[in-house]
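So the structure is just underneath, and the comments pick up after that.
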Amino acid sequence: MSDSVTSLRTHVELPVSPPEPELTPQEMIRRAIALRPLLKAQSADTEQRTYPTDEIHQACADAGIYRCYVPRRYGGYQFGAPTFMRVVQELSRGDVNAGWCIALAAAHALQVASWWPAPAQDEIFGDGDFRAASVAAPIGPAKRDGGHWDLTGRVAYCSGIPLSTHYMGQALIAGDDGAPTERMLLFVAPKSEFEILDDWGRLTGLKGTGSNTITFDHGRIPAHWTVEDAFMVDFDVERLGTPGVKLHDDPMYGGRALGCFTMTLTAVAVGGAYAALDEYEEMLNTKMTPLPPMRPRREDETFHRWYGSALAKIATAEAALYNAADQHMEACRRAAEDGITYTYGEDMRIGCIAREAAIQAWEVFQSEIFRTAGSSAATDGSRFERIYRDLSMLNSHRNTVLRDWAFGELARETLGLPRLGPGNVQKPAYGA
């Protein structure tokens, strides 16, 4: 592995001017909408190669998508969670796979800009060309070697890793005997320190999300690129601090991660549900009713009710998503300006709201859109069939599977009862 992972970044003169200093959130959203036809046209290629095409990746880079959360200090746009979620939603309306992969490569700039001190951020972000996949499941053991940490291990489901410049992860800290302890190390690693395995694409859906396994073989990470005794699912912002608030003069860099991660998946789900509704609308315009009197579906009152029901329920899920995003931003503001800690319970509540929205997006698709579209709509290789596979797989993601556990944690936090985890770092039970 490389002797120095920081050398490529040290020449950057800071602060870096954003490529378009006057770019607004509204224009960024318009750009995401404009990318939908490209993502849709290349969705089969994205699935076949297991991550977005080079053309899609370059188009997103040119549009500034990856710089949404990157601070202005490093040439980013410093847009908040509501803007980012809308961008992800629109990309996913073009293609669920591409939306997921791009979102989870771009999303973790928010945590790095929040939790790491200025010297590390200056080296990690450099000129703002930063993308990082992330998984909460730890590798290990991590061994201290002078001013570095030595990492060996492997971690699967690294969504967005083929597009990433870095990886944000966790490791179990080794004890004096070299065996892993229960202490956790949060770290950022450049791509020079890990290998991406060609092992993605065998699941039923989400085949194009670039969720490959990566391996570390004595990867060397500068000590100041790490945070000891920190767990990303429950990053204790009161104990560990959020240097990004002062560094970037912005409360948005003072938050937690679990709610934001869940919102990002929900933005994909809502975008995918709207994509399915787009296909359904096309069927209304081109297909006849299945029973006499035969007439265009567009003119049939039953199909009107089905379409309207689906539209209303997807819009409800969408509204819940942006309410959660607003709550997150307000929790960050209160912490920065009023000194009111952004708690684990708040993060859990925000995540639960977003998760319910994602589940509703799936349920309206499978129970109303897919059920009433007709069997011919789901021919092998069709866009509608691909959306079905992708959203069904999203609904089986561990974030959704742990719904009941999250409800319990929310109740315990609200009632002032002891947590069952993963609130203390000794219980890494939840992965991103």
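Residue numbers for the sequence shown follow this note's numbering, beginning at 30 and rising by one.
For every residue, glycine included, the Cβ atom is placed at its ideal position computed from N, Cα and C.
All figures in this text were calculated on a predicted structure; none of them were measured in a lab.
**Report entry** Every unbroken beta strand (DSSP E) inside the stretch 78-158 [3 residues or more]
**Finding:** none
Just the C-alpha distance for Ser404 and Ser46, rounded to the nearest angstrom, thanks. 53 Å
(request) Would you kindly check if the distance between the Cβ of Thr293 and the Cβ of Ala132 is under 8 Å? (result) yes
From Glu347, Glu310 and Thr345, pick the residue whose C-alpha is nearest to that of Asp329; which is it?
Residue Glu310 is the option with its Cα nearest to Asp329.
Query raised in the report: For Tyr459, is the classification buried or exposed, using 16 other Cβ atoms within 10 angstroms of its Cβ as the cut-off for buried?
Result: At Tyr459, the pLDDT of 31 sits below 50, so the modelled position is not reliable; the number obtained from the coordinates is stated separately. The residue is buried, with at least 16 neighbouring Cβ atoms inside 10 Å.
Rounded straight-line distance, which links the Cα of Arg415 to that of Ala304: 11 Å
Give me the residue from Ala298, Ile250, Leu215 and Val141 with the minimum Cα distance to Ser425.
It is Ala298 whose Cα lies nearest to the Cα of Ser425.
Margin query: Considering Cα atoms alone, identify which of Thr408, Ala147, His86 and Pro54 is closest to Pro111.
Written below: Pro54
- Query: For Thr35, which three-state DSSP category applies?
  - Reply: Interpretation of Thr35 is limited by its pLDDT of 45, a score under 50 that renders its predicted location unreliable; no figure is taken from the coordinates.
Assign Gly169 to one of two classes, buried (16 or more other C-beta atoms within 10 Å of its C-beta) or exposed (fewer than that).
-> Its Cβ being crowded by 16 or more others within 10 Å, Gly169 is buried.
**Request:** Compare the beta carbon distance of Val141 and Ile153 with 8 Å and say whether it is the shorter of the two.
**Result:** Cβ distance < 8 Å, so Val141 and Ile153 count as in contact.
Cβ-based burial, Leu320 [other Cβ within 10 Å; buried from 16]: With fewer than 16 neighbouring CB atoms inside 10 Å of its own CB, Leu320 falls in the exposed class.
Worksheet entry | Spatial distance of Arg441 from Leu449 (CA atoms) | 9 Å
With 16 other CB atoms within 10 Å as the buried threshold, where does Ser188 fall? It counts as buried.
_Quick check: what's the CA-CA separation for Leu120 versus Leu68?_
7 Å
Determine the burial state of Asp263: buried for a count of at least 16 other Cβ atoms within 10 Å of its Cβ, exposed for fewer. buried
*On the DSSP bridge assignment, give the partners of Gln199 in chain order.*
Bridge partners of Gln199: Leu215.
Leaving out five residues on either side along the sequence, give the residues of the same chain with a beta carbon under 6 Å from the beta carbon of Gly104. Val45, Pro47, Asp156 and Gly157
Exercise. Taking C-beta to C-beta, are Glu392 and Ser338 nearer than 8 Å?
Worked result: no
What distance in whole Å lies between the Cβ atoms of Met57 and Tyr106, which are believed to be in contact at a cut-off of 8 Å? 7 Å
Considering only their Cβ atoms, is the gap separating Glu257 from Leu226 smaller than 8 Å?
no
Q.
How far does the alpha helix (DSSP H) with Lys342 in it extend, from its first residue to its last?
A. Glu330 to Arg362
_Let's see if you can read the secondary structure: which residues bound the beta strand (DSSP E) around Glu56?_
Counting along the chain, Glu56 falls outside any beta strand (DSSP E), though it belongs to the alpha helix (DSSP H) covering Pro54 to Ala70.
Self-check item: Burial state of Lys275 (16 or more Cβ within 10 Å)
Solution: exposed
* Apart from the five residues just before and just after Glu385, which ones in its own chain have a Cβ nearer than 7 Å to its Cβ? -> Ala349
Check: With a CB to CB cut of under 6 Å and the five nearest residues on each side skipped, what residues in its chain are close to Lys456?
Finding: Caution is warranted here: a pLDDT of 38 is assigned to Lys456, below 50, making its placement in the model unreliable, and the coordinate value is therefore given only provisionally. Result list for Lys456: Gly450, in chain order.
**Message:** Check whether the stretch 245-259 and the stretch 78-98 are in contact - that is, three or more C-beta pairs closer than 8 Å.
**Reply:** The answer is no - the stretch 78-98 does not touch the stretch 245-259, with fewer than three Cβ pairs under 8 Å.
Original post:
According to the neighbour-count rule (16 or more other Cβ atoms, all chains shown, within 10 Å of its Cβ), is His247 buried or exposed?
Top reply: Result: exposed.
Exercise for the section: Determine the direct distance from the alpha carbon of Asp419 to that of Arg400, and round the result to whole angstroms. Expected result: 16 Å
Margin query: I need the DSSP call for Arg183, collapsed to helix, strand or coil.
Written below: strand
Can you tell me whether Leu306 is buried or exposed, with buried defined as 16 or more other CB within 10 angstroms of its CB? buried
Short of 6 Å in beta carbon distance, which residues of its chain neighbour Ala353, apart from the five on each side in sequence? Order them along the chain. Met292, Ile379, Ile382 and Ala383
request  = Below 6 Å CB to CB, which residues in the same chain sit around Pro81 once its five sequence neighbours on both sides are set aside?
outcome  = Thr75, Ala127 and Cys130
Please state whether DSSP places Val256 in a helix, a strand or coil. strand
Under 8 Å, do Met422 and Met358 count as touching if we go by C-beta distance? no
Short Cβ contact (8 Å threshold) for Pro272 with Pro146 | yes
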